[in-house]
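Chains as they are written, first to last, in the working numbering: chain L, 2 to 287; chain X, 96 to 675.
Before any comments, here is the structure.
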Amino acid sequence: MAKLKEFKGDTPTWCPGCGHYSVMAGIQRACLGLGLEPHQVAVITGIGCSGKVSEYMRCYGFHTLHGRSLPVAQAVKLVNRNLKVIAAGGDGDGYGIGAGHFVHAARRNVDITYVVMDNQIYGLTKGQTSPTSRQGFVTKTSPEGAGEREVKPLELALGAGASFVAQAFAGDIKRLTELIQQGMEHEGFALINVFSPCVTYNKVNTYDYFKEHLLDLKQMEDYDPHDLAQAYATVLERQGLVQGIIYKEDRPAYHTFLTDYPDQPIAEQNLVRDDARLQQLWSEFK
Amino acid sequence: MKTEITFKIGGQQGEGIDSTGEVLAVTLMQQGYQIASYKHFASRIKGGHTYYHIRASCDKVYYWGDTTDILVALDQESYEHNISAMSAGGYVLMATNQEEKVAEADGCTVLYVNFTRLAEELGNKIIRNMVALGAAAYLMGLHYELFKPLVEKKFLRKGQALVDLNISALKAGYEHVQQLGLSPFQLAPVQSQDQALLSGNEAFAFGAIAAGCRFLSAYPITPASEIMEYMKSHLPKVGGVAVQAEDELAGILMAIGAGYAGVRALTSTSGPGFSLKTEAIGLAGISETPVVIVNSQRGGPGTGLPTKYEQGDLNTMLYAGHGDIPRIVLAPSTVEECLTMASLAFNLAERYQCPVIVALDLVLSLNKQTCPDFRAEHFEPIDRGKLLSEAELEALGEFHFKRYRLTEDGISPRAIPGQRGGVHPANSNEHSETGHITELPEMRQAMMNKRLGKLTQFKMRGYEFIGGEERSVQTLFVGFGSTRGVLTEVVKDLQDQGEDAGLAHIKVLYPFQAEGLSELARQAEKIVVVENNWSGQLAGLLAKELQIGHKIHKICKADGDPFTKADIMQHYHQLVKEVV
Numbered sequence: 002m003a004k005l006k007e008f009k010g011d012t013p014t015w016c017p018g019c020g021h022y023s024v025m026a027g028i029q030r031a032c033l034g035l036g037l038e039p040h041q042v043a044v045i046t047g048i049g050c051s052g053k054v055s056e057y058m059r060c061y062g063f064h065t066l067h068g069r070s071l072p073v074a075q076a077v078k079l080v081n082r083n084l085k086v087i088a089a090g091g092d093g094d095g096y097g098i099g100a101g102h103f104v105h106a107a108r109r110n111v112d113i114t115y116v117v118m119d120n121q122i123y124g125l126t127k128g129q130t131s132p133t134s135r136q137g138f139v140t141k142t143s144p145e146g147a148g149e150r151e152v153k154p155l156e157l158a159l160g161a162g163a164s165f166v167a168q169a170f171a172g173d174i175k176r177l178t179e180l181i182q183q184g185m186e187h188e189g190f191a192l193i194n195v196f197s198p199c200v201t202y203n204k205v206n207t208y209d210y211f212k213e214h215l216l217d218l219k220q221m222e223d224y225d226p227h228d229l230a231q232a233y234a235t236v237l238e239r240q241g242l243v244q245g246i247i248y249k250e251d252r253p254a255y256h257t258f259l260t261d262y263p264d265q266p267i268a269e270q271n272l273v274r275d276d277a278r279l280q281q282l283w284s285e286f287k
Numbered sequence: 096m097k098t099e100i101t102f103k104i105g106g107q108q109g110e111g112i113d114s115t116g117e118v119l120a121v122t123l124m125q126q127g128y129q130i131a132s133y134k135h136f137a138s139r140i141k142g143g144h145t146y147y148h149i150r151a152s153c154d155k156v157y158y159w160g161d162t163t164d165i166l167v168a169l170d171q172e173s174y175e176h177n178i179s180a181m182s183a184g185g186y187v188l189m190a191t192n193q194e195e196k197v198a199e200a201d202g203c204t205v206l207y208v209n210f211t212r213l214a215e216e217l218g219n220k221i222i223r224n225m226v227a228l229g230a231a232a233y234l235m236g237l238h239y240e241l242f243k244p245l246v247e248k249k250f251l252r253k254g255q256a257l258v259d260l261n262i263s264a265l266k267a268g269y270e271h272v273q274q275l276g277l278s279p280f281q282l283a284p285v286q287s288q289d290q291a292l293l294s295g296n297e298a299f300a301f302g303a304i305a306a307g308c309r310f311l312s313a314y315p316i317t318p319a320s321e322i323m324e325y326m327k328s329h330l331p332k333v334g335g336v337a338v339q340a341e342d343e344l345a346g347i348l349m350a351i352g353a354g355y356a357g358v359r360a361l362t363s364t365s366g367p368g369f370s371l372k373t374e375a376i377g378l379a380g381i382s383e384t385p386v387v388i389v390n391s392q393r394g395g396p397g398t399g400l401p402t403k404y405e406q407g408d409l410n411t412m413l414y415a416g417h418g419d420i421p422r423i424v425l426a427p428s429t430v431e432e433c434l435t436m437a438s439l440a441f442n443l444a445e446r447y448q449c450p451v452i453v454a455l456d457l458v459l460s461l462n463k464q465t466c467p468d469f470r471a472e473h474f475e476p477i478d479r480g481k482l483l484s485e486a487e488l489e490a491l492g493e494f495h496f497k498r499y500r501l502t503e504d505g506i507s508p509r510a511i512p513g514q515r516g517g518v519h520p521a522n523s524n525e526h527s528e529t530g531h532i533t534e535l536p537e538m539r540q541a542m543m544n545k546r547l548g549k550l551t552q553f554k555m556r557g558y559e560f561i562g563g564e565e566r567s568v569q570t571l572f573v574g575f576g577s578t579r580g581v582l583t584e585v586v587k588d589l590q591d592q593g594e595d596a597g598l599a600h601i602k603v604l605y606p607f608q609a610e611g612l613s614e615l616a617r618q619a620e621k622i623v624v625v626e627n628n629w630s631g632q633l634a635g636l637l638a639k640e641l642q643i644g645h646k647i648h649k650i651c652k653a654d655g656d657p658f659t660k661a662d663i664m665q666h667y668h669q670l671v672k673e674v675v
């Protein structure tokens, strides 16, 4: 069994109090909870404060481009089905520049877990409006209040066909860990949107704000995460301020649709040229 | 007896022009003739002038030729577009619904035939193409029975009745012209040989599979889509996966993801898509991830000429991306080279851990040529470069594996996810040897030196000399990509006219391989660079790399169509006059 310290990588440079510390701890503990060792995990990240989690954790990681973690992560999983693949990024990364990839990753349903650290602001570029900043939110680039309506990650994910949609809060690390672990156990695309307060630039969506406003779906006795209509209704009614598994659908993952998808990971296949097989393919040109 | 024959069938798109041309080309190939073909089409699904041009020869040819011996014109437009390019003594089979007759025009014989009526008499006017093909077969001196095996292969699964219908159509056309008493061409017989007929796209895709490519992700775009289509059908047969990505960005990023995870990965695209992939080429460069990118060039910029040909992306392939990026750019010039360069591309990508760009162009991608049957020696043995085994990684005993170890040759041993002992982050940000972000000036400089420096040891023969034994010549032609076929023939004609000419056809565009070429360039009186773009991008590259700007003459064309031999000759003679 691996120990937590084996999952620790470089020393984080996040601001003291940043929600991302908890998110990373949640991922690390979820890996331990699943009995994984660092070499069995790949964390693929985008750019921004959140993107650095791939090097603050010790496992296989790939710190890619802004908004581009999802295509990279999906391919890693498709060619090595033995790996646990986590994509991670922020709200700008996932719902701004990478929104297209997000929608398609959700409907494609490759078996990966996507953890979005949603702080409703751009942190690393020092405080501009983000896609999830509420309409009217005042920042350096929205001095009169953001004009656009905010992206609603849960509704977007439900609409795009994500087969596992959950939301967590960095101030509740136990629940966060549990939800990430459940997302990793889910076979298909799992979104965990995490409210991860930016203590430096976002003075509205703070730890206290979420503690006061978040409802845990556990408290709703009749909540059935397999009920899509109820998921939409609850998210709308609570204005997205819920935590827990919002929706879960047992839908075949993408690889099950692929013809002859091999049991042995593609990355582990021995690359010896099979001339007989090639002759067969070649004969089509004759 | 002719040692070669050229054939063209023209009509409206959607009328089966393509499949008719295909049936003839394959049949000729099966007889043992060498084929070079060219397809003309517009950016629409139905309607619009289209033609399929075939040159069948007893000798190897890579160019479809300037003239036509036999033209099948299924509409007036095909006649008007193509009559001026008929060879003397050629035959035109002109579809008509009016009076059938034989006439003389522009030095050739025009047969007005009511193909539709002949087809309808057999019960279905849809087979009018096959009637026309049968008629052409007679004029070519090919018996219609020769088409039987292919017709069966194509139609048998739809029923014997359809096979019989097609054969009777061929026979009807054949006999209809036979009874006119014209003397058909006689094509010199050849020995049937082991060969195949395929396009550059098909050849590259097949070559990639042979080279161990097991992952493709791409977005549909003309003229590269066939690569993805081939991979979608065939990669699963060798244990691989092909994904149609949501956009060009995902196309390359998925390939990079697969490359990072240890699988030979490919993305295929054309100009507009290549532009979109630019940022990710930088990612592959700095993270030192192997990936192969095929760019089949078409007319640009913007959406440009989606179904037309150009070689206008050379600069983009050489320089795309911000910052300095290690990359290799290869340019096959024939279908056979598409096949063999695929294995080279994947080996280089892993050996140098960088993006390898393969420059195809529309003419090379879509047109078919005969290739000798593939043999193991066509391909480089698979070389995975410095990919460490799990045992080697364990022996290093590193808690944080140094993925970006500073080595003498600049290439760092690599580990892939899943291997115990190789745990590390790959990184798009500047990083230390362990892959962790750093902005330390010394480390930045060392990493830049390593990444860009690793290609200084890259050495390959960068060009092929065509025109006899390699030697210095007075007039040195230079080109890249699909112009090889026509340039070969231009040089031969000039030599026949007593000029001292040769062709250096460039195969490695970057890192530019000057060895041998600089000698040829230094000794030549004139260097004539022939390329299909407006500004002379290859000429620019040569001027920079060989310091021979003053000697370069450019022959450029960017109208969407490939050069004919006559085009180049005319430009060349004009140029010679100006120089004198």
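Glycine included, each C-beta is placed from N, C-alpha and C at the ideal position.
All values derive from a computational prediction rather than experimental measurement.
- DSSP places Pro450/X in no alpha helix (DSSP H) but in the uninterrupted beta strand (DSSP E) bounded by Pro450 to Asp456.
- At a Cβ-Cβ threshold of 8 Å, Gly245/L and Lys219/L count as neighbours.
- Every unbroken stretch of the beta strand (DSSP E) spanning 3 or more residues and falling wholly within the stretch 110 to 148 of chain L is given here in chain order: 114 to 119.
- Under the 8 Å Cβ criterion, the stretch 417 to 436 of chain X does not count as touching the stretch 330 to 346 of chain X, having fewer than three qualifying pairs.
- Lys332/X carries a helical assignment under DSSP once its states are collapsed to helix, strand and coil.
- When beta bridges are read from the DSSP output, Phe575/X appears opposite Ile601/X.
- Per DSSP, the beta-bridge partners of Arg150/X are Thr101/X and Ala131/X.
- Taken atom to atom, the span from the alpha-carbon of Val387/X to that of Ala356/X is near 14 Å.
- Cβ-Cβ distances below 8 Å link Glu199/X to Val205 in the same chain, with the five nearest sequence neighbours on each side left out; the list follows chain order.
- Cβ atoms of Phe210/X and Ala231/X stay farther apart than 8 Å, at about 11 Å.
- Proximity to Pro226/L across Asp209/L, Glu250/L, Leu216/L and Ile267/L peaks at Glu250/L, based on C-alpha coordinates.
- Going by DSSP, Thr659/X is part of no beta strand (DSSP E) at all; its letter is neither H nor E.
- Bounds of the alpha helix (DSSP H) holding Ala214/X are Phe210 to Glu216.
- Each residue's CA atom was taken as its position, placing Val586/X and Thr162/X some 18 Å apart.
- Interface annotation, Ser55/L: in contact with chain X, CB-CB separation under 8 Å.
- Of all residues in the stretch 308 to 336 of chain X, those with a C-beta nearer than 8 Å to a C-beta of chain L are Arg309, Phe310, Ser312, His329, Pro331, Lys332, Val333, Gly334, Gly335 and Val336, reading in chain order.
- Among the residues facing chain L, Leu277/X is not included, as its CB has no counterpart in that chain under 8 Å away.
- At a cut-off of 8 Å between beta carbons, Ser507/X makes no contact with chain L.
- Cα atoms of Gln669/X and Glu175/X: separation of roughly 28 Å, rounded to the nearest angstrom.
- Shown here, Pro421/X sits in coil according to DSSP, grouped into three states, outside any helix or strand.
- DSSP, read as helix, strand or coil, puts Ala291/X in strand.
- For Pro367/X, the secondary structure class from DSSP, reduced to helix, strand or coil, is helix.
- Here the stretch 109 to 116 of chain X does not lie against the stretch 336 to 352 of chain X, with fewer than 3 beta-carbon pairs under 8 Å apart.
- For Lys220/X, the CB contacts under 8 Å within the same chain, skipping 5 residues up- and downstream, are Thr211 and Ala214 in chain order.
- Interface flag for Ala163/L against chain X is unset, since no Cβ pair is found closer than 8 Å.
- Think of a sphere of 7 Å around the beta carbon of Lys287/L: the chain X residues whose beta carbon falls inside it are Ala291, in chain order.
- Annotated three-state conformation of Gly236/X is coil, per DSSP.
- The straight-line gap separating the alpha-carbon atoms of Leu241/X and Leu119/X is approximately 10 Å.
- When the beta-carbon positions are compared, Leu192/L and Ala230/L stay at least 8 Å from each other.
- The CB of Asn524/X comes closer than 7 Å to the CB of His64 in chain L, given here in chain order.
- For Asp217/L, the closest C-alpha among the options Asn203/L, His187/L, Glu188/L and Lys175/L is that of Lys175/L.
- According to the DSSP assignment, Glu559/X belongs to the beta strand (DSSP E) that extends over Tyr558 to Ile561.
- Boundaries of the beta strand (DSSP E) around Lys85/L: Lys85 to Gly91.
- Scanning its chain for C-beta atoms nearer than 8 Å, with the 5 sequence neighbours on each side dropped, one finds around Ile663/X the residues Val581, Leu582, Val585, Val625 and Ile650, in chain order.
- Each of Gln125/X, Gly576/X, Leu265/X and Glu247/X was checked against the Cα of Leu598/X, and the nearest Cα belongs to Gly576/X.
- Looking at the DSSP output, His648/X shares a beta bridge with Val623/X.
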